[in-house]
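Trainee: Sharing a structure here in structure tokens format.
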Amino acid sequence: MSAGAETAAGLDVWRIREDFPALRQTVHGHPLVYLDNAATSQKPRAVLDAIMRFYERDCANVHRGVHQLSERSTAAYEGARETARQFLNAAAPAEIVFTRGATESINLVAQTYGRANLRAGDEILISGLEHHSNIVPWQLLAAEKGAILRVAPIDDRGEIVLEEYRKLLGPRTRIVALAQVSNALGTINPVKEMIAQAHAAGAVALIDGAQAAPHMPVDVRDLDCDFYAFSGHKVFGPTGIGVLYGKASLLDAMPPWQGGGDMIRSVTFERTTFNDPPYKFEAGTPHIAGAIGLAAAIDYVTAIGLDRVAAWEHELLVYGTEALERVPGLRLIGTARRKAAVLSFVLEGVHPHDVATILDQQGIAIRAGHHCAQPVMERFGLTATSRASLAFYNTHGEIDALVEGLGKVREIFE
Amino acid sequence: MSTDIRDLYQQVIVDHSKRPRNFRPLEGANRKVEGFNPLCGDKITIYLKIENGVVADISFEGSGCAISTASASLLTESLKGKSLANAEAVFEDFHRLLTGLDPAGEGPKLGKLAVFSGVCDYPTRVKCATLPWHTLHAALTGDGGKVSTE
């Protein structure tokens, strides 16, 4: 594959790869082929530099000190919030709450909005392709409140059955929580339409964007979602930082979650008054370096352009799908008509963990297992799949390496 | 350095994973224990018929990777007809093999089980090989129930 062909989507992948130190290594004597991006992504130099710069020069607590370093760190932290606002096209920075990641964002909504607004017999509607992080927080809430968790089924392609989804929306539906993109199957859900239907039924809609934000432009105002969650480490930023977007009117009305410093206006032993959003939801010293690193990551992907990222990854998905379909005994799991660059598969007669170990010996990193989506596995009658998940720094040559690696797997098990 | 993947997936292991021996429920079993690895979803049930302190018959069922399936299959083969004390000695030799204490696979009770000597070079896969053995251990020492690797 020539370098020229790699730029068909207007993206210089070879130049981009040089920005990622982790991609320049060998594993078991082979060049690393990193195809586990749905689990976490690698970090560009710009992110590492931003974190290092903060700790070397600006390290101080935020929102407190009057000294120079505190001013700098506060400016950088609040600047990161503004960067995240632009990334999601939220109306105001106050709608951006920093969390530890998408999981914490969803738990926050369940434990504040959910606890304040759900009564016994109310319903929460999710789909059959959710990650455990968009199932378990709602189960906990439902158990506490006597609410009912309903699940819109998926079909054999891995698409949500929209007719069933509509039927499950009813007068008792209070919260709808949906992944924009499935981590296990790659399905891109028509969330804009589904959010409008949720609103028509009187429910609020939370979108789990953990697998969408790294791969396509997101506009929360266009989607009209009430809440949107994503993780920093999947968008080429650091671990331990994430975002919860919430509409201002909802965040204003929600009770606080964790108590502590920064989330209060005044404290006496008799009574505490709380700060405004987003600070009301950010008790304690936040992950300042994480937020700064996340902003650097957002700047990085925004400079490349998420439209170009999506186009390039789609090209790789089409190439990878065709290539894997030619592997004897291989069956793709998740064949939605609109898909992100996730290739989940099973190889006849070989367990996914054996596939992953043999590929690892060839320097190829994929995920094997249930992908924290056991109900999805059960839907397809499986306990596990192998999953190659791509990012914009992947190449056609790496997909060729995967196919070749699978040949070795077949050779051992023939 | 790259280790040869064939050291892990030796022919005997591949063979037992594809055609596991004693892979069935056991009529007249008097011990039955389930083992589970929650991280990868491997599940195994071991059935034992113990008569006069001897493993009169043994079988297993379940689903898992090649390493755990072959390990369970070879476990049943190696223990059938052995006394419980002897079975315990095999377990100890196998444990030494997998934890790297017996790199050459020279444990006197190992026999065919020495094919698993390559596993200790793959730390993420050691639990696959030991799951059936921990399950067995629970069946022999405990009062049944469930075993988890975590």
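Keeping their order, the protein sequence lines are chains A and B. As numbered in the numbering used here, residues -13 to 400 make up the first sequence, in order. As numbered in the numbering used here, residues 13 to 162 make up the second sequence, in order. From the three backbone atoms N, C-alpha and C, an ideal C-beta is built for every residue, glycine too. Computed from a predicted model, the values in this text were never measured in an experiment.
B:G93 versus chain A: which residues are under 9 Å apart at the beta carbon?
Mentor: None at all; the shortest Cβ gap to chain A is about 30 Å.
Trainee: I'd like to know if A:G355 contacts chain B, where contact means its C-beta is closer than 8 Å to some C-beta of that chain.
Mentor: Yes, its Cβ sits closer than 8 Å to a Cβ of chain B.
Trainee: Quick check: the Cα distance between A:H53 and A:F255, rounded to an integer number of angstroms?
Mentor: The straight-line gap from Cα to Cα measures roughly 30 Å.
Trainee: Ends of the alpha helix (DSSP H) at A:T254?
Mentor: It is not in any alpha helix (DSSP H) - A:T254 carries neither H nor E in the DSSP assignment.
Trainee: Tell me whether the beta-carbon of A:I385 lies closer than 8 Å to the beta-carbon of A:L302.
Mentor: The answer is yes: Cβ separation under 8 Å.
Trainee: Is B:Y59 close to chain A, meaning its C-beta is less than 8 Å from at least one C-beta of that chain?
Mentor: Not one chain A Cβ lies under 8 Å of B:Y59.
Trainee: Exposed or buried, which one is A:W0 when buried takes at least 16 other CB atoms within 10 Å?
Mentor: A:W0 should be labelled exposed.
Trainee: Would the region 269 to 288 of chain A count as touching the region 211 to 227 of chain A if we require 3 or more Cβ pairs under 8 Å?
Mentor: Yes, they touch.
Trainee: If you drop the 5 nearest sequence neighbours on each side, which residues of the same chain put their C-beta closer than 8 Å to that of A:G226?
Mentor: Answer for A:G226: R86, G87, G218, H219, H273 and G276, listed in chain order.
Trainee: Checking 8 Å against the spacing of the C-beta atoms, do B:S83 and B:P144 come in under that value?
Mentor: Cβ distance < 8 Å, so B:S83 and B:P144 count as in contact.
Trainee: Going by other Cβ atoms of all chains shown within 10 Å of its Cβ, with 16 needed for buried, is A:A170 buried or exposed?
Mentor: The residue in question, A:A170, is buried, as its Cβ has 16 or more Cβ neighbours within 10 Å.
Trainee: Do A:I110 and A:A163 have their beta-carbon atoms positioned less than 8 Å apart in this structure?
Mentor: Taking 8 Å as the Cβ cut-off, A:A163 and A:I110 qualify as a contacting pair.
Trainee: I need the straight-line Cα distance from A:D340 to A:L126, nearest angstrom please.
Mentor: When rounded, the distance between both Cα atoms is 35 Å.
Trainee: My output table needs one value for A:H16: the three-state DSSP class, helix, strand or coil.
Mentor: Three-state DSSP puts A:H16 in a strand.
Trainee: Around the C-beta of A:P264, are 16 or more other C-beta atoms found within 10 angstroms, so that it is buried, or is it exposed?
Mentor: With 16 or more Cβ atoms within 10 Å of its Cβ, A:P264 is classed as buried.
Trainee: Relative to the alpha-carbon of B:S85, which residue among B:G119, B:I56, B:L113 and B:Y134 has its alpha-carbon at the smallest distance?
Mentor: Ranking B:G119, B:I56, B:L113 and B:Y134 by Cα distance to B:S85 puts B:I56 first.
Trainee: In terms of DSSP beta bridges, what is A:D35 paired with?
Mentor: BP columns for A:D35 are empty, so no partner.
Trainee: Jot down the residue ranges of each uninterrupted alpha helix (DSSP H) in the region 185 to 231 of chain A, minimum 4 residues, whole runs only, in chain order.
Mentor: Runs found: 206 to 209.
Trainee: From the DSSP secondary-structure annotation, give me the bridge partner or partners of B:Y59.
Mentor: B:K44 and B:S71.
Trainee: Which chain A residues sit within Cβ distance under 8 Å of B:R137?
Mentor: H339 and T343, listed in chain order.
Trainee: Which one or two residues does DSSP pair with A:D293 in a beta bridge?
Mentor: In DSSP, A:D293 forms no bridge with anything.
Trainee: Mind checking which residues open and close the beta strand (DSSP E) that includes A:F84?
Mentor: Its beta strand (DSSP E) spans residues I82 to T85.
Trainee: Would you kindly work out how many angstroms separate the C-alpha atoms of A:T26 and A:I352, rounded to a whole number?
Mentor: Their Cα atoms are separated by approximately 11 Å.
Trainee: Exposed or buried, A:M240, counting other C-beta atoms within 10 Å across all chains shown (16 or more means buried)?
Mentor: A:M240 is buried by the Cβ-count criterion.
Trainee: Whose C-alpha, out of A:A327, A:D142 and A:Q183, is nearest the C-alpha of A:A199?
Mentor: A:A199 has its Cα closest to that of A:A327, out of A:A327, A:D142 and A:Q183.
Trainee: If contact is defined by three or more beta carbon pairs under 8 Å, each pair taking one atom from either stretch, is the region 153 to 167 of chain A in contact with the region 183 to 201 of chain A?
Mentor: Yes: at least three Cβ pairs fall under 8 Å.
Trainee: Consider the Cβ of B:I56: report whether some Cβ of chain A lies at a distance smaller than 8 Å.
Mentor: Chain A, which has no Cβ nearer than 8 Å to the Cβ of B:I56, makes this no.
Trainee: Closer than 8 Å, CB to CB, is A:A370 near chain B or not?
Mentor: By this cut-off, A:A370 is an interface position.
Trainee: Just checking: is the beta-carbon of A:Q439 within a distance shorter than 8 Å of some beta-carbon in chain B?
Mentor: The first residue shown for chain A is -13 and the last is 400, placing residue 439 of chain A beyond what the model contains.
Trainee: Does DSSP put B:G95 in a helix, in a strand, or in coil?
Mentor: The question names Gly, yet the displayed sequence has Ser at residue 95 of chain B. DSSP places B:S95 in strand when its eight states are reduced to three.
Trainee: Secondary structure at A:D22, three-state DSSP: helix, strand or coil?
Mentor: In the structure shown, A:D22 sits in a strand (DSSP, three-state: E or B).
Trainee: May I ask you to report which of helix, strand or coil DSSP gives A:K394?
Mentor: Correct three-state label for A:K394: helix.
Trainee: Near A:D210, what residues of its chain come up, given a Cβ to Cβ distance below 6 Å and the 5 sequence neighbours on each side ignored?
Mentor: I181.
Trainee: Would you check if the distance between the CB atom of B:N42 and the CB atom of B:I70 is smaller than 8 Å?
Mentor: Not in contact: B:N42 and B:I70 (Cβ atoms no closer than 8 Å).
Trainee: Apply the 10 Å Cβ neighbour rule to A:R207 and answer buried if 16 or more other Cβ atoms are within range, or exposed otherwise.
Mentor: Exposed, by the Cβ-count rule.
Trainee: Classify A:S252: buried if its beta carbon has 16 or more other beta carbons within 10 angstroms, exposed otherwise.
Mentor: Its Cβ having fewer than 16 others within 10 Å, A:S252 is exposed.
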